[in-house]
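These notes concern the structure reproduced below.
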Amino acid sequence: MKPSKPPFILKKNPRSPRPERSPRFEEVQRRMASAIMRRLTPDERTQPTDSDGRATEVTAAEYIKPNDRLTSLERLEIYNRQYWFRLLDCLIDDFPGLRAVLGDGRFYPLIISYLESHPSSSPLLGDLGKNLPAFIAGRKSLTAPHTWIAGDVARLEWAQIVAFDRGGRPPLNPSLIASTPPDKLTLRLQPHITLLDLAYPVEAVVLRLLRKDRSLRNGSSNAVGEKHVPRKFARAGRISRRRTRLLVHRHENSVYFKPLTQAQFLLLEKLAAGSTLAAACDILVEAFPSTKSEDVRSWFASWQHFGFFIRR
Amino acid sequence: MPANPFNGHTDYGVGIGLRVPHYRHILEKKPTIDWFEIISENFLVDGGRPLEILDLILEQYRVVQHGVAAYFGSPGPLDRGHLRKLKRLVKRTGTPWLSDHLCWGSVDGRFTHDLLPMPYTSEAAAHTARKIREARDFLEVPICVENVSSYTEFHISEMTEWEFLTEVSEQADCGILLDVNNIYVSSQNHGFNPLDYVENIPHGRVGQIHIAGHSKFERFILDTHDHPVLDPVWNLYDRAIQLAGHTATLLEWDDRIPSFNEVHHEALKATVYLEKKPALAAA
Chain F
1 MKPSKPPFIL
11 KKNPRSPRPE
21 RSPRFEEVQR
31 RMASAIMRRL
41 TPDERTQPTD
51 SDGRATEVTA
61 AEYIKPNDRL
71 TSLERLEIYN
81 RQYWFRLLDC
91 LIDDFPGLRA
101 VLGDGRFYPL
111 IISYLESHPS
121 SSPLLGDLGK
131 NLPAFIAGRK
141 SLTAPHTWIA
151 GDVARLEWAQ
161 IVAFDRGGRP
171 PLNPSLIAST
181 PPDKLTLRLQ
191 PHITLLDLAY
201 PVEAVVLRLL
211 RKDRSLRNGS
221 SNAVGEKHVP
231 RKFARAGRIS
241 RRRTRLLVHR
251 HENSVYFKPL
261 TQAQFLLLEK
271 LAAGSTLAAA
281 CDILVEAFPS
291 TKSEDVRSWF
301 ASWQHFGFFI
311 RR
Chain E
313 MPANPFNGHT
323 DYGVGIGLRV
333 PHYRHILEKK
343 PTIDWFEIIS
353 ENFLVDGGRP
363 LEILDLILEQ
373 YRVVQHGVAA
383 YFGSPGPLDR
393 GHLRKLKRLV
403 KRTGTPWLSD
413 HLCWGSVDGR
423 FTHDLLPMPY
433 TSEAAAHTAR
443 KIREARDFLE
453 VPICVENVSS
463 YTEFHISEMT
473 EWEFLTEVSE
483 QADCGILLDV
493 NNIYVSSQNH
503 GFNPLDYVEN
513 IPHGRVGQIH
523 IAGHSKFERF
533 ILDTHDHPVL
543 DPVWNLYDRA
553 IQLAGHTATL
563 LEWDDRIPSF
573 NEVHHEALKA
583 TVYLEKKPAL
593 AAA
C-alpha cells in the first residue's frame, strides 16, 4: 500500500499525540460508530467538536489515517454523511404522510432528534421507525401545535408497515368459533392487524401517498451519494378534527384501512386484549345498550370472511 | 473453478440483482437469465408482498442470497435472532451458497446500516473468522465473504486488505465473493495497485464475483452501483477470471436503475471474459 503521510493535525496540536499503544479493533469500531452517528451540521458536515469536547479533526486523526487527498476528518465525514443520508431516506420512505402534514421544516428536525434518541437497534432497516409514534407523543415540542395529527399519521403509517410484511396465521375455522361456548372463546387478531383510535381522519392523507413497495433496500452498495437529495413531497391540505377508528390489515397482499364504528372498535379491542367473547359482549352492551345480537353476528361474519381471528 | 465447495459445487453463469423496478418485467416477460441475487434482508419478513414476489421468482429462477447485515466483523457475538430468520429464508430459497460482507456495522446493539471497513489486525481476523464459522455451521450452507469498498484506513491495521481477506477466509475456511469494482474503488481511494489485490488472494476460494459501476468525485471514488461497468473494472475482472477460472458472476446496479434489458445486456458482457477462460482449477 502507498505509505500515507502522518496525520497533519498532530503537528498542529501537540496536546493530542497518537496513543502509544494502538487501541484494539473493537475500541476503534466503538469510536468510529459513535462519531458517524453524531448529527451533521446544518450544511451537512461533520460536527467540528467531538463528544468529549475536543476537535473532531484531532480525535479522528487518532484512529483514521489521512491520505494525500483527504484528512482523517474528511474520510470520517464520508461515513458520517452516509449514515444520516441512508437513515433519513428510510424514514422519508416510510413516513411520507407525516412529512406531508408537518412540512420539511418540522419533519427533518423531528426525525433527526428521533434517530439521536432511538438509534437503530435492528439489523433490518424496516424496523427503524417503530418507536416514532411514541417519540412524537413524548416530545410534543417538536411537532406543536400539530402533535395530535402528527402522532395519528405516524401511527397509521407504522400500522401500514406492520400490515405490509408481518406474518399471517391460518384463520380460525368459523365452525370452531360457532361451536365454542362464548364464555370459553378467546381470540387473537392476525399479527398484521392494528386497531387505531385516531383524533383526525388522516387515512385520506396516507392513502394518497400509499406506496406499493416500501423501503426495500435496492442494493448492497454502501454509498448513498455525495449529497442528500430528498425526494419531492406533497404538502397535506388542512384536515379538520374528527375522531376516526380504523382496522389496518392485509388481504391478498394489499393493505386496507377498514373504518370501524365505536362499538365495533370496543369489541375488537376487548377481544384483542384477551377477553372471552362473552365478556367482551357484556362490555359492549353496557357501553352501547342499543347493540343487537344480529349486529354482532353480522360484524363477525365480515371479520371472519377476512380471516381476522386466529387461535390465542 | 466453475464449481467449488464455496458455491455449493454449482456452475452458475451470469446473473443480476433482483430489484423492485424490474419485478413486473420479470414476472410478465419471464426473461431467460442464469440466476438472480436477492438482498436477504428484504425478505426477512413474516409474510406479505415481498415473500409473494419471492415465491413467484423461485418458481422460475435460481436465486442466491446476498446479505447486508450479518456484520461478521462487528464486536460481540452473532445476532442469533437474525441468523434464525436467515435460516428460514435459506430453506425457502434453496440458495446453494450465501454471501455477506467482510465488514462491521454495529456496536453494542446499535446499527449503522453501513458496510464499514475492518481494522486489518490479526485479532480482528480471528474474531471475524470465528463468527463466519459459527454462522456457516448454524445456517448449514457455504458462506462467501465479500470485500467492501472503503474510504478510510486505520492506524492500527497490521496488514493489507487482501492479506486480511486471505487470513479470514482461511481461518474460517469460507469462500470469497470477489467484488472487483470494490477493489478498484478502494485502490483509488487508498493508493494501491488493484492487481496486487487480485493476484494475491486464495483463488481457489473464490465462489462468486461482483461487477458494478462507480462514481468519481474530485478527491475520492464512491461505490454507487449506478453506472455501467467501467474499463478498469473489466480489466480487473479479466485478470480475476484468468486466476480463479470460470466463476459465477453478478452485475450490481442499484441506483438510477435502467430497464431490465439494459441491465441484463450489461451483465452479459461478462460472458466475453468467461468464454476466454473455460473451467480451470486454480491453486
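The listed protein sequences derive, respectively, from chains F and E. Heads up, the first sequence stops at 312 in our numbering, and the numbers go up one at a time, no gaps. Heads up, the second sequence stops at 595 in our numbering, and the numbers go up one at a time, no gaps. From the three backbone atoms N, C-alpha and C, an ideal C-beta is built for every residue, glycine too. Bear in mind that the values here come from a model prediction, so they are computed numbers and not experimental data.
Quick one: does valine 357 of chain E have its CB under 7 angstroms from some CB of chain F? As a first step, residue 357 of chain E is located in the second sequence; it is residue number 45 there, counting from the start. Yes, its Cβ sits closer than 7 angstroms to a Cβ of chain F.
Comparing the C-beta of valine 28 of chain F with each C-beta of chain E, is any distance below 7 angstroms? Here residue 28 of chain F refers to the residue found at position 28 when the first sequence is read from its first residue. Yes, valine 28 of chain F counts as interfacial toward chain E.
Test: glutamine 190 of chain F CB closer than 7 angstroms to a CB of chain E: Counted from its first residue, the first sequence places residue 190 of chain F at position 190. Not closer than 7 angstroms to any Cβ of chain E, the Cβ of glutamine 190 of chain F fails to qualify, so no.
Less than 8 angstroms between the CB atoms is what I'm expecting for phenylalanine 532 of chain E and isoleucine 444 of chain E, so what's the real figure, rounded? As a first step, residue 532 of chain E must be located in the second sequence, where it is residue number 220. As a first step, residue 444 of chain E must be located in the second sequence, where it is residue number 132. About 29 angstroms separates the two Cβ atoms, so there is no contact after all.
Starting from lysine 342 of chain E and walking both ways along the alpha helix (DSSP H), at which residues does that stretch end? Along the second sequence, read from residue 1 onward, the residue named residue 342 of chain E stands at position 30. Where lysine 342 of chain E is concerned, there is no enclosing alpha helix (DSSP H), given that its DSSP letter is neither H nor E.
Residues, ordered as in the chain, of the stretch 421–448 of chain E that lie near chain F by beta-carbon distance below 8 angstroms: Gly421, Arg422, Phe423, Thr424, His425, Asp426, Leu427, Leu428, Met430, Pro431, Thr433, Glu435, Ala436 and His439
Which residues of the stretch 78–104 of chain F have a Cβ closer than 9 angstroms to any Cβ of chain E? Give them in chain order. Ile78, Tyr79, Gln82, Tyr83, Arg86, Leu87 and Cys90
Based on DSSP bridge pairs, tell me the residues matched to arginine 30 of chain F. The residue you call residue 30 of chain F lines up with position 30 of the first sequence. Bridge partners of arginine 30 of chain F: none, in fact.
Would you tell me roughly how many angstroms separate the C-alpha atoms of isoleucine 365 of chain E and glutamate 435 of chain E, rounded to the nearest one? Start at 1 with the first residue of the second sequence, and residue 365 of chain E comes out as number 53. Start at 1 with the first residue of the second sequence, and residue 435 of chain E comes out as number 123. Going by the C-alpha atoms only, they are around 42 angstroms apart.
Please state whether DSSP places arginine 188 of chain F in a helix, a strand or coil. Stepping through the first sequence from its first residue, residue 188 of chain F is reached at position 188. Strand.
So, helix, strand or coil for tyrosine 150 of chain F, using DSSP? Along the first sequence, read from residue 1 onward, the residue named residue 150 of chain F stands at position 150. Rather than tyrosine, the amino acid found at residue 150 of chain F in this sequence is alanine. Alanine 150 of chain F falls in the helix class under three-state DSSP.
Apply the 10 Å Cβ neighbour rule to arginine 312 of chain F and answer buried if 16 or more other Cβ atoms are within range, or exposed otherwise. Residue 312 of chain F sits at position 312 when you count from the first residue of the first sequence. So arginine 312 of chain F counts as exposed.
Option in E:Asp426, E:Asn459, E:Pro454 and E:Ala582 with minimal Cα separation from isoleucine 513 of chain E: Position 201 of the second sequence, counted from the start, is the residue given in the question as residue 513 of chain E. Among E:Asp426, E:Asn459, E:Pro454 and E:Ala582, the Cα nearest to that of isoleucine 513 of chain E is on E:Asn459.
Once the 5 residues before and after leucine 115 of chain F are set aside, which same chain residues still bring their CB inside 6 angstroms of it? Your numbering for residue 115 of chain F matches position 115 in the first sequence. If we look at leucine 115 of chain F and ignore the five residues flanking it on each side, its Cβ neighbours are Leu87.
Would you list the residues sitting across from histidine 249 of chain F in a DSSP beta bridge? Numbered from its first residue, the first sequence carries residue 249 of chain F at position 249. Histidine 249 of chain F pairs with F:Tyr256.
Residue span of the beta strand (DSSP E) that contains glutamate 458 of chain E, given as start and end: Within the second sequence, numbered from 1, the residue matching residue 458 of chain E stands at position 146. Its beta strand (DSSP E) spans residues 455–458.
Are alanine 272 of chain F and leucine 189 of chain F closer than 7 angstroms when you measure CB to CB? Working through the first sequence from its first residue, we reach residue 272 of chain F at position 272. Working through the first sequence from its first residue, we reach residue 189 of chain F at position 189. Going by C-beta atoms, alanine 272 of chain F is nearer than 7 angstroms to leucine 189 of chain F.
Per DSSP, phenylalanine 308 of chain F forms a beta bridge with which residues? Position 308 of the first sequence, counted from the first residue, corresponds to residue 308 of chain F. Beta-bridge pairing links phenylalanine 308 of chain F to no other residue.
Thinking phenylalanine 164 of chain F and arginine 250 of chain F are a contact (beta carbons under 8 angstroms), I'd like their distance in whole angstroms, please. Counting from 1 along the first sequence, the entry for residue 164 of chain F is found at position 164. Counting from 1 along the first sequence, the entry for residue 250 of chain F is found at position 250. Indeed they touch by this definition, with Cβ atoms about 7 angstroms apart.
Does the beta-carbon of valine 480 of chain E have 16 or more other beta-carbons within 10 angstroms, so that it is buried, or is it exposed? The count along the second sequence starts at 1 and reaches residue 480 of chain E at position 168. Buried.
With DSSP collapsed to three states, give me the class of glutamate 349 of chain E. Taking the first residue of the second sequence as 1, we reach residue 349 of chain E at position 37. In this structure, glutamate 349 of chain E counts as strand in the three-state DSSP scheme.
With DSSP collapsed to three states, give me the class of leucine 542 of chain E. Here residue 542 of chain E corresponds to residue number 230 of the second sequence, with the count starting at 1. Residue state, collapsed to three classes: coil.
Under the three-state reduction of DSSP, which class applies to leucine 414 of chain E: helix, strand or coil? By 1-based counting over the second sequence, the position of residue 414 of chain E is 102. Note: leucine 414 of chain E maps to coil in three-state DSSP.
Please compile the residues from chain F whose C-beta is within a distance smaller than 7 angstroms of the C-beta of valine 419 of chain E. Along the second sequence, one-based indexing puts residue 419 of chain E at 107. The contacting residues are Gln29, Arg30 and Ala33.
Valine 332 of chain E - partner residues in DSSP beta bridges: Indexing the second sequence from 1 puts residue 332 of chain E at position 20. According to DSSP, which records beta bridges pairwise, valine 332 of chain E is partnered with nothing at all.
Taking the beta carbon of alanine 441 of chain E as the centre, do at least 16 other beta carbons fall within 10 Å, making it buried, or is it exposed? Locating residue 441 of chain E in the second sequence gives position 129, counting from the first residue. With 16 or more other Cβ atoms within 10 Å, it is buried.
Measure the beta-carbon distance from glutamine 520 of chain E to serine 386 of chain E and round it to whole angstroms, keeping in mind my assumption that it falls under 8 angstroms. Working through the second sequence from its first residue, we reach residue 520 of chain E at position 208. Working through the second sequence from its first residue, we reach residue 386 of chain E at position 74. That pair is no contact at about 23 angstroms.
To the nearest angstrom, how far is the alpha carbon of glycine 417 of chain E from that of glycine 53 of chain F? Here residue 417 of chain E refers to the residue found at position 105 of the second sequence. Here residue 53 of chain F refers to the residue found at position 53 of the first sequence. Their Cα atoms are separated by approximately 25 angstroms.
Presumed contact (8 angstroms Cβ cut-off) between histidine 537 of chain E and aspartate 567 of chain E, rounded CB distance: Mapped onto the second sequence, residue 537 of chain E falls at position 225. Mapped onto the second sequence, residue 567 of chain E falls at position 255. Rounded, the Cβ-Cβ distance is 6 angstroms, consistent with contact.
What are the boundary residues of the beta strand (DSSP E) that arginine 422 of chain E is part of? Counted from its first residue, the second sequence places residue 422 of chain E at position 110. From DSSP, the beta strand (DSSP E) with arginine 422 of chain E extends over 422–428.
Is it the case that the Cβ atoms of alanine 159 of chain F and threonine 186 of chain F are separated by a distance below 7 angstroms? Position 159 of the first sequence, counted from the start, is the residue given in the question as residue 159 of chain F. Position 186 of the first sequence, counted from the start, is the residue given in the question as residue 186 of chain F. No; because the gap between Cβ atoms is not below 7 angstroms, this pair is not in contact.
What is the DSSP secondary structure of histidine 558 of chain E, reduced to helix, strand or coil? Taking the second sequence and counting its residues from 1, one reaches residue 558 of chain E at position 246. Three-state DSSP puts histidine 558 of chain E in coil, outside helix and strand.
According to DSSP, is threonine 478 of chain E part of a helix, a strand, or is it coil? To locate residue 478 of chain E, count along the second sequence from 1; it is residue 166. Helix at threonine 478 of chain E.
For glycine 379 of chain E, three-class secondary structure by DSSP: Reading the second sequence from its first residue, position 67 is the one you call residue 379 of chain E. If DSSP states are grouped into helix, strand and coil, glycine 379 of chain E belongs with coil.
Relative to the alpha-carbon of aspartate 94 of chain F, which residue among F:Leu267, F:Arg245, F:His192 and F:Val153 has its alpha-carbon at the smallest distance? Along the first sequence, one-based indexing puts residue 94 of chain F at 94. Closest option to aspartate 94 of chain F, Cα to Cα, is F:Val153.
Within the continuous alpha helix (DSSP H) that includes glycine 388 of chain F, where are the two ends? Outside the displayed range of chain F (1 to 312) lies residue 388 of chain F, so it cannot be described from this structure.
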